[in-house]
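There are 2 protein chains.
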Amino acid sequence: MNTYYVVIFTSQRTENDSKGYASMSDKMEELARLQPGFISVESARDHEGHGITVSYWESLEAIQKWKANTAHQVAQQKGKETWYSNYNVQICKIVREYSFKGND
Amino acid sequence: MNTYYVVIFTSQRTENDSKGYASMSDKMEELARLQPGFISVESARDHEGHGITVSYWESLEAIQKWKANTAHQVAQQKGKETWYSNYNVQICKIVREYSFKGND
Chain E
111 MNTYYVVIFT
121 SQRTENDSKG
131 YASMSDKMEE
141 LARLQPGFIS
151 VESARDHEGH
161 GITVSYWESL
171 EAIQKWKANT
181 AHQVAQQKGK
191 ETWYSNYNVQ
201 ICKIVREYSF
211 KGND
Chain V
111 MNTYYVVIFT
121 SQRTENDSKG
131 YASMSDKMEE
141 LARLQPGFIS
151 VESARDHEGH
161 GITVSYWESL
171 EAIQKWKANT
181 AHQVAQQKGK
191 ETWYSNYNVQ
201 ICKIVREYSF
211 KGND
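Line order of the protein sequences matches chains E and V. Numbering of the first sequence is given in our numbering, commencing with residue 111 and proceeding in unit increments. Numbering of the second sequence is given in our numbering, commencing with residue 111 and proceeding in unit increments.
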């Protein structure tokens, strides 16, 4: 297994649904996909606004650069001001993995 | 920061909603909370059945023991047979973390 990393972003949305969250979220995902070292991203958010996003990266440096990206910085600021009541971020190194794929 | 670990479980549910999934899921969460080395767990599942669960643990050994737990093994088998069309598991070491808490 190659060494790779994951950023776990757990968050609680505020109720400010009308303030451009969905379009900014889509835009940030598109932009993340273009970053060097990006591997993949998955999200789930339940009906109460509690969400988890996991994004996978080739290196800690790639994660750091994405965090410092100018457009992403603007989104992060807006996230604190408007969209999230709280969030947690963990940056992790993947140690082991396995998967299951059922019959279609 | 103390060294700790996270298990990321991303999954797609089948449409077999009536076969005891919710009660087994609740039971497994209760049981996980009782394991030595358990720290915390969070989940989100969207309306299309795509879910992410992250559980935090003090050691890789604690994660291994939970995976091997007999009741959990039964649930894992049932998960493959009935509840999940696919899933991925990554076991990760937390390298760095930060958080945001807005004004209430």
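Cβ atoms here follow ideal geometry from the backbone N, Cα and C, with glycine treated the same way.
Option nearest ILE118 (chain V) by Cα separation, candidates V:ASN198, V:VAL205 and V:ASN213:
V:ASN198
Beta bridge counterpart(s) of ARG123 (chain E) as assigned by DSSP
E:TYR194
Whole-angstrom distance between SER169 (chain V) and ASN112 (chain V), CA atom to CA atom:
11 Å
Would you check if the segment 119-126 of chain E and the segment 181-201 of chain E touch, i.e. whether three or more CB-CB distances between them fall below 8 Å?
yes
Answer with buried or exposed for THR180 (chain V), where buried requires no fewer than 16 other C-beta atoms within 10 angstroms of its C-beta.
exposed
When DSSP labels each residue in this structure, what does THR113 (chain E) get in the three-state scheme?
coil
Are there 16 or more other CB atoms within 10 angstroms of the CB of SER165 (chain V), so buried, or fewer, so exposed?
buried
Would you tell me roughly how many angstroms separate the C-alpha atoms of ASN213 (chain V) and ASN213 (chain E), rounded to the nearest one?
48 Å
CB-CB under 7 Å to PRO146 (chain E), same chain, minus the five flanking residues each way: which ones, in chain order?
ALA172
Coil, strand or helix - GLU139 (chain E) by DSSP
helix
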